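Visitor:
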Amino acid sequence: MRDRREGGRDFSSEGVMDMARKRSKRETPEGGLGLKEIKELIDLLKDRQVAEFELEKRGTKIRILRASPAERGANAPLSLPPLASIPESDARFAPPPAAPRAETVEASEDLYIIKSPMVGTFYGSPAPNAPAFVKQGDVVRVGQPLCIIEAMKLMNEIESEVAGEVVRIYVENGQPVEYGESLFAIKPSHKK
Amino acid sequence: MGVWEERACGHRTLRNSFRLGRGKDSVTVDSAHREPNGPTDHRVDRLIHLLAENAMVIVPGPKIASEIGVSRLRVWQWVEKLRALGVDIQGIPATGYLLRTLPDILVPSLVRAELGGQEIGRKILHYFKTESTNDLALGLSPRDGPHGTVVLAEEQTAGRGRLGRKWHSEKSSGIYSSTLLRPPLPPSAAAVLTLAAALAVREAIRQTAGLAPDIRWPNDLLVNGKKVSGILTEMKAEVDRIHAVVLGIGVNVNHKALPAELRSIATSLRIECGRPISRLQVLAALLKELERHYRLLLDRGNAPIIERWTAASSYATGKRIHVRKASEEFNAVTAGLDGGGALRIRRDGGGEELLVAGEIIEVK
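In structure tokens, the structure reads:
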């Protein structure tokens, strides 16, 4: 995910990896990707206008570099459709228990993903006509409210667990979310 | 000029001025002062307690002053304020004060006296006036707001409902309460608490007013089709751990009439029973039932709550409803609750689906 630093075109490696996992249901038993899966992955990256993608998994390393920035589309949409149909806990799509490698460590440090702690409805603002808690590009502090998830009139205010910039909002107002679904990607302001 | 100064809760220190009418029995709140009051001075609580213990007996002013540790002037000021809230205190010149009837004010000492040793209500914070008891409860640290803390207000200036809607919070007519729980549950299991709370309110109303409210999913209490209680639950949690769940429970108790715009959808216990109901008794029953249903949930899981809810609500099965979600509206028929309390519905012309969040109303 080298393009994450290109202004405004950040993608969380996690979101894309989730998609890769979910799209490639026919993974080989060894966990590698077949030609068909790679084709699918490329289509997916095209669809989403992801410029560069790298995945390393059980000894197989795949790196996809797409055309020049001009061809990637300057107005790349940053919100992805929900991936709610496949629960995160499904073992078939669980991330591989691989030893942490430099790439993945760097990725998880770069973007902090806020996930939904429960099934419910996502609200980006405290009331229907009120301004949103946050928008993309906002800098948030620890404990700042980001959204509300409602289940059965239980309103769960989700606060940011890190200080940093909101680089991506994965869901839209009023949309249903699943347990563990990614809600926000935050780029922490201080690296350790 | 009297100045009512109270210790504010937490980080804000607030003052509120009261003008005392010279020679008259009137106390008016300085309306220019918009900020909420702090919690009720515990000495006011003791004053009421003292008068209540000696109801129908004249208690000398100096005795009250020395027992609660304030000046005689302050005692007089507080008595004036309590009178303004409807407490029936007779002042007898040069002698003392007489409480003619037990006050229906939800001060901690009176509430706690009804509760025994239970966890819910072990700590009670009372406000004569505040913006929202839920906001106060959510803002309490674990030290200031241990599990079971209850925040009460005689009046809310910004009582809230779902999605920023207003909750009509007329002075001393309703119960405006927030119960703070710190349950050992994952956030994903907390939603059933909203059903347990509805059962607790229903039981409290049954015991004190003799009414058997219907429950509209998930937790509106209706008498003759009109709302008598609403519950807004707010949670602070991490992915796997709850910091706090606040059950904001409003009950319309002694409203003689509701504002015109609410009359077709809301009612009060007094309107339905035709007699005034003790708010103190309703609240005490509510807190006892909350404790009982909370323990039931922790000890035996969702099943008994779901079962009782289903037995108590006409909305559980076979009810024609209109569903209003953030994204769409449609008609459906109810088909029971799932194991987590979500409502199974059959959409007109569609299959069965699960309603997790949204508003429903009966289609007649």
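Those protein sequences? They're chains R and H, same order as listed.
If you use this note's numbering, the first sequence corresponds to residues 89 to 280, in order.
If you use this note's numbering, the second sequence corresponds to residues -9 to 354, in order.
Glycine is no exception: its CB is placed at the ideal position from the N, C-alpha and C atoms.
None of the values given here were measured: they were computed from a predicted structure.
Per DSSP, what kind of secondary structure is residue 357(H) in: helix, strand or coil?
Guide: What is shown of chain H runs -9 to 354, which leaves residue 357(H) out entirely.
Visitor: Residues of chain R with CB closer than 9 Å to the CB of residue 311(H), please, in chain order.
Guide: Within chain R, no residue comes near residue 311(H); the closest Cβ sits about 15 Å away, beyond 9 Å.
Visitor: Can you give me the start and stop residues for the beta strand (DSSP E) that residue 36(H) sits inside?
Guide: Note, residue 36(H): premise wrong, no beta strand (DSSP E); alpha helix (DSSP H) at 32 to 43.
Visitor: In chain H, what lies closer than 8 Å to residue 253(R) by C-beta?
Guide: Simply none; closest approach about 21 Å.
Visitor: Quick one: what does DSSP say residue 356(H) is sitting in, helix, strand or coil?
Guide: In the structure as shown, chain H starts at -9 and stops at 354, and residue 356(H) therefore has no counterpart that could be examined.
Visitor: Quick check on DSSP: helix, strand or coil for residue 95(H)?
Guide: Residue state, collapsed to three classes: coil.
Visitor: Taking just the CA atoms, how far does residue 190(H) sit from residue 26(H)?
Guide: Low local confidence applies: a pLDDT of 47 at residue 26(H) is under 50, so the model's placement there is unreliable, with the coordinate-based value given in what follows. Each residue's Cα considered, the two are about 29 Å apart.
Visitor: Looking at the unbroken beta strand (DSSP E) that takes in residue 242(R), where does it start and where does it end?
Guide: First-last of the beta strand (DSSP E) with residue 242(R): 242 to 247.
Visitor: Sort out for me which residues DSSP pairs residue 294(H) with in a bridge.
Guide: Looking at the DSSP assignment, residue 294(H) forms no beta bridge with any residue, so it has no partner.
Visitor: Against chain H, does residue 263(R) count as a neighbour if the rule is that its beta carbon must be under 8 Å from one of theirs?
Guide: Closer than 8 Å to some Cβ of chain H, the Cβ of residue 263(R) qualifies, so yes.
Visitor: Going along the segment 204 to 230 of chain R in order, which residues come within less than 9 Å of chain H, judged by CB to CB distance?
Guide: Residues passing the 9 Å Cβ filter: 204, 205, 206, 207, 208, 209, 210, 211, 213, 214, 215, 216, 217 and 218.
Visitor: Just by C-beta distance, which residues in the segment 167 to 181 of chain H are closer than 9 Å to chain R?
Guide: Of all residues in the segment 167 to 181 of chain H, 176, 177, 178, 179, 180 and 181 have a Cβ within less than 9 Å of some Cβ in chain R.
Visitor: When the distance is taken between beta carbons, is residue 248(R) closer than 8 Å to residue 230(R)?
Guide: Yes, the Cβ-Cβ distance between residue 230(R) and residue 248(R) is below 8 Å.
Visitor: Residues of the segment 112 to 145 of chain H with a CB closer than 9 Å to any CB of chain R: list them in chain order, please.
Guide: Against chain R - using a Cβ distance shorter than 9 Å - the residues of the segment 112 to 145 of chain H are 128.
Visitor: Look at the Cβ atom of residue 55(H), then the Cβ atom of residue 69(H), and state whether they are nearer than 8 Å.
Guide: No, Cβ-Cβ distance for residue 55(H) and residue 69(H) is not below 8 Å.
Visitor: According to a CB-to-CB cut-off of less than 8 Å, which residues of the segment 242 to 264 of chain H neighbour chain R?
Guide: Here the close residues number zero.
Visitor: Would you say residue 221(H) faces chain R, with C-beta separation under 8 Å as the test?
Guide: Judged by the 8 Å Cβ criterion, residue 221(H) is in contact with chain R.
Visitor: So which of 310(H), 78(H) and 87(H) has the shortest CA-CA distance to residue 93(H)?
Guide: Of the candidates 310(H), 78(H) and 87(H), the one whose C-alpha sits nearest the C-alpha of residue 93(H) is 78(H).
Visitor: Can the beta-carbon of residue 268(R) be found closer than 8 Å to that of residue 316(H)?
Guide: It is not a contact, given that the beta carbons lie outside the stated cut-off.
Visitor: Classify residue 146(H): buried if its beta carbon has 16 or more other beta carbons within 10 angstroms, exposed otherwise.
Guide: Label assigned to residue 146(H): buried.
Visitor: Leaving out five residues before and five after residue 219(H) in sequence, what residues of the same chain have Cβ atoms less than 6 Å from its Cβ?
Guide: Cβ within range, chain order: 191, 211 and 241.
Visitor: For residue 216(R) and residue 105(H), what's the separation of their Cα atoms in angstroms?
Guide: C-alpha separation (whole angstroms): 39 Å.
Visitor: Would you decide whether residue 144(H) is buried or exposed? Buried here means 16 or more other CB atoms lie within 10 Å of its CB.
Guide: Result: buried.
Visitor: With residue 64(H) as the anchor, note down where its alpha helix (DSSP H) starts and where it stops.
Guide: Its alpha helix (DSSP H) spans residues 62 to 74.
Visitor: For the segment 268 to 281 of chain H and the segment 302 to 320 of chain H, state whether three or more C-beta atom pairs, one from each stretch, are separated by less than 8 Å.
Guide: Contact between the segment 268 to 281 of chain H and the segment 302 to 320 of chain H is absent, because fewer than three Cβ pairs lie under 8 Å.
Visitor: Does the beta carbon of residue 152(H) sit closer than 8 Å to a beta carbon anywhere in chain R?
Guide: Taking Cβ atoms only, chain R reaches closer than 8 Å to residue 152(H), which makes this a yes.
Visitor: Would the segment 36 to 56 of chain H count as touching the segment 79 to 92 of chain H if we require 3 or more Cβ pairs under 8 Å?
Guide: As far as the Cβ criterion goes, the segment 36 to 56 of chain H touches the segment 79 to 92 of chain H, which means the pair count is three or higher.
Visitor: Does any residue of chain R bring its CB to less than 8 Å from the CB of residue 229(H)?
Guide: So, interface residue.
Visitor: So which residues of chain R does residue 331(H) contact, with C-beta pairs closer than 8 Å?
Guide: Residues of chain R passing the Cβ test: 240.
Visitor: Count the other CB atoms, across all protein chains shown, that sit within 10 Å of the CB of residue 356(H); report buried if there are 16 or more and exposed otherwise.
Guide: As displayed, chain H neither begins before -9 nor continues past 354, which places residue 356(H) out of reach and without an answer.
Visitor: Which two residues bound the contiguous beta strand (DSSP E) that contains residue 80(H)?
Guide: 79 to 82 is the span of the beta strand (DSSP E), which, as asked, contains residue 80(H).
Visitor: Assuming residue 296(H) and residue 327(H) are in contact, meaning their beta carbons sit under 8 Å apart, how far apart are those beta carbons, in whole angstroms?
Guide: 5 Å between Cβ atoms; contact.
Visitor: For a test of the three-state rule: what should DSSP assign to residue 179(H), helix, strand or coil?
Guide: Of the three classes helix, strand and coil, the one that applies to residue 179(H) here is helix, per DSSP.
Visitor: Whose CA, out of 283(H), 184(H), 173(H) and 183(H), lies closest to the CA of residue 234(H)?
Guide: Answer by Cα proximity: 173(H).
Visitor: Where does residue 238(H) sit, in a helix, a strand or coil, going by DSSP?
Guide: It is a strand residue.
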